[in-house]
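For the sequence shown, our numbering assigns the number 47 to the initial residue and increments by one for each residue that follows. Glycine is no exception: its CB is placed at the ideal position from the N, C-alpha and C atoms. Following: one structure in structure tokens, then a few remarks.
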Amino acid sequence: MNKGGPAAGGVLGGGIGGGAGSGPTAAAAVAAAQKQKTLLQRVENDIGIIVDHFTHLVNAARVNDPPVRNSQEAFMMETRAARMVNSADSLLKLVSELKQTAIFSGFASLNDHVEQRVVEFNQLGEKTDRLLSRIGEEAAASLKELESHYSSSAKKAIEP
């Protein structure tokens with residue numbers, strides 16, 4: 047049975063974390079890898095149970111002459127079938143959980159991207175505010191200088 051690891055074409059190590067690092071990204075990568083390992087174990091366990099019970103169902107389906115033995119085998123078949131249904135239900139729940147994980151991890155990465163853009167825009171806004179403040183200060187200094195030149199030239203024009 048395929049174990050789903052990296053050597054078997056699985057998705058372990060599929061670029062999570064992007065290399066050696068620390069902080070929330072590395073912790074998220076470790077948590078994602080652990081969750082993936084757990085989910086793969088659940089899948090392998092559920093599929094193994096289904097195959098095992100199906101094998102027992104086929105073996106128990108042989109027709110025997112004694113009626114007591116047939117009723118016992120019928121009960122065994124019903125029990126095995128019920129266990130197969132439970133395992134299949136567990137697999138369906140696992141698929142649902144995987145879908146939710148994929149959806150929410152997509153939202154998480156989208157939220158991370160939005161937060162990153164907000165930080166970038168805030169930095170750009172602060173830079174723009176500093177630039178506008180500097181331009182305002184330079185304009186005020188230039189205006190003051192022009193006023194002093196104008197007032198000195200106006201006094202010279204009046205005093206001849």
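Query raised in the report: So what does DSSP say about A107, is it helix, strand or coil?
Result: Taking the first residue of the sequence shown as position 1, residue 107 is located at position 61. Of the three classes helix, strand and coil, the one that applies to A107 here is coil, per DSSP.
Requested in this report: Might you give, ordered along the chain, the residues of its own chain that have their beta carbon closer than 6 Å to the beta carbon of S133, omitting 5 neighbours on each side?
Outcome: Taking the sequence shown and counting its residues from 1, one reaches residue 133 at position 87. Around S133: D92, I95, I96.
Requested in this report: Would you kindly work out how many angstroms separate the C-alpha atoms of G67 and Q162, rounded to a whole number?
Outcome: The residue labelled residue 67 in the question sits at position 21 within the sequence shown. The residue labelled residue 162 in the question sits at position 116 within the sequence shown. Here G67 scores only 48 on pLDDT, less than 50, and its place in the model should not be relied on; the value that follows carries that caveat. Looking at the two C-alpha atoms, the distance is approximately 19 Å.
Query raised in the report: Among residues of its own chain, excluding the 5 on either side of H159, which ones have a beta-carbon nearer than 8 Å to its beta-carbon?
Result: Here the question's residue 159 lines up with position 113 in the sequence shown. If we look at H159 and ignore the five residues flanking it on each side, it has no Cβ neighbours.
Query - S194 - DSSP class collapsed to helix/strand/coil - result: To locate residue 194, count along the sequence shown from 1; it is residue 148. Helix.
**Report entry** Residue burial classification, H195 (beta-carbon count within 10 angstroms, cutoff 16)
**Finding:** Mapped onto the sequence shown, residue 195 falls at position 149. Within a 10 Å sphere around the beta-carbon of H195 sit fewer than 16 other beta-carbons, which makes this residue exposed.
Report task. Mind reading off the beta-carbon distance from H99 to M122? Whole number of angstroms is fine, and I expect it under 8 Å. Result -> Within the sequence shown, residue 99 is the residue found at index 53, counting from 1. Within the sequence shown, residue 122 is the residue found at index 76, counting from 1. That pair is no contact at about 10 Å.
Requested in this report: Can you tell me which of Q82, R126, K81 puts its alpha carbon nearest to the alpha carbon of T101?
Outcome: Here the question's residue 101 lines up with position 55 in the sequence shown. When each option's Cα is compared against that of T101, the closest is R126.
Query raised in the report: Is the CB-CB distance between E119 and A106 below 8 Å?
Result: Translated into positions along the sequence shown, residue 119 becomes position 73. Translated into positions along the sequence shown, residue 106 becomes position 60. Against a cut-off of 8 Å, the Cβ pair of A106 and E119 comes out as a contact.
Query - Rounded C-alpha distance that separates L103 from I149 - result: Mapped onto the sequence shown, residue 103 falls at position 57. Mapped onto the sequence shown, residue 149 falls at position 103. Distance from the CA atom of L103 to the CA atom of I149, rounded to whole angstroms, is 38 Å.
Query - For S136, the nearest candidate out of R180, A77, V89 (CA to CA) - result: If you number the sequence shown from 1, residue 136 lands on position 90. When each option's Cα is compared against that of S136, the closest is V89.
Report task. Give the C-beta separation of L144 and L85 to the nearest angstrom, bearing in mind that I take them to be a contact with Cβ-Cβ under 8 Å. Result -> Counting from 1 along the sequence shown, the entry for residue 144 is found at position 98. Counting from 1 along the sequence shown, the entry for residue 85 is found at position 39. Their Cβ separation, rounded to whole angstroms, is 7 Å, which keeps L144 and L85 in contact under 8 Å.
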